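Novice: Chains as they are written, first to last, in the numbering used here: chain A, 41 to 179; chain B, 41 to 179.
We put the CB at the ideal spot given by N, CA and C, even for glycine.
Quick caveat, the model's predicted, so the values are computed rather than measured.
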DNA sequence: TATAATGTCTACTGATTTAGTGAACAAAAT
DNA sequence: ATTTTGTTCACTAAATCAGTAGACATTATA
């Protein structure tokens, strides 16, 4: 059930970029060293976040990454969903990765499904209302 | 985030055994065929559940598996936790697989941790109060 | 008592996913 | 021009997943 390192790195890196929001591009190296993330791996992750439209980048010397959206416009549900494939624990209750159940005859009356639907929905609600700005620690 | 097949098979097999509670041993083959689970794989799973103390078995001809506990005494939290290792999405909020956070200085003030603690706690509550008897479909 | 039908246990395996690495390339500042 | 950065693609070692296979132990029953 533990999130992949990729997902965890993404959340930490985004929180860092939210903290520096408005300060222009931050270099990969600075995030990698500061947040203890392998730099090559972090490059792939930031690239994915850029393709998702969450990050922008500046090329060349004095380049780097920065948040395109405002910190309160990026929620954890979309991050987890993108890197994990889905929020749900069973395909039959997933929004993004739905597949018909391989066991039950009728999903509407399946009690196993009901439970995991409830787990998905409550988890989704928590992640959805958590935006990057609420993750920043201001000392 | 999807549960492994092992975990899903375990839940389905246990629900079946709960349905047949009190009827004596049910053969692996009957469960395998009825619930569409590969028999060899199911053998491993039922063996694990026996070692957990949830199932009992009868050897030899006319043997099989049966629930040792009453269906309302087996909850999904213990099943998921056993087969997935933990309920939590981050080690730093896990009861069973706790490890100190690799990123934050102070877990008590980490906001990322707070969110995933809430996700873990609510998921745990739902799974904990769901027992096998509530999963049986009676037609 | 022989035999057939079951569970037990250990080891093995192919496929997939995870967690990266490496290198050639492109763009921008100086 | 040179240096510093991000971009892209290909590759890989290790771990996990999803089973299989086979020898063995136990029990019912004919």
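#1: Check whether the Cβ atoms of residue 163 (chain A) and residue 119 (chain A) sit closer than 9 Å, and answer yes or no.
#2: For residue 158 (chain A), return the contacting residues in chain B, with the cut-off set at a CB-CB distance below 8 Å.
#3: Could you please give the first and the last residue of the uninterrupted alpha helix (DSSP H) stretch that includes residue 107 (chain B)?
#4: How far does the beta strand (DSSP E) with residue 95 (chain B) in it reach, from first residue to last?
#5: Does DSSP put residue 66 (chain A) in a helix, a strand or coil?
#6: Between the region 162 to 177 of chain A and the region 136 to 146 of chain A, are three or more C-beta pairs nearer than 8 Å?
#7: If you check the beta carbons only, do residue 82 (chain A) and residue 95 (chain A) fall under 9 Å apart?
#8: Which residue marks the beginning of the alpha helix (DSSP H) containing residue 143 (chain A), and which one marks its end?
#9: Just mark residue 50 (chain B) as buried or exposed, buried being the case when its beta carbon has 16 or more other beta carbons within 10 Å.
#10: When the Cα atoms are used, what is the spatial distance from residue 85 (chain A) to residue 80 (chain B)?
#11: Quick check on residue 170 (chain A): does DSSP put it in helix, strand or coil?
#12: Alpha carbon to alpha carbon, what distance is there between residue 66 (chain B) and residue 57 (chain B)?
#13: Taking Cβ positions only, does residue 86 (chain A) come closer than 9 Å to chain B?
Specialist: With the structure as the only source:
#1: no
#2: 166
#3: Not the alpha helix (DSSP H): residue 107 (chain B) falls in the beta strand (DSSP E), residues 104 to 107.
#4: 95 to 98
#5: strand
#6: no
#7: no
#8: Element bounds for residue 143 (chain A): n/a, residue is neither H nor E.
#9: buried
#10: 39 Å
#11: coil
#12: 8 Å
#13: no
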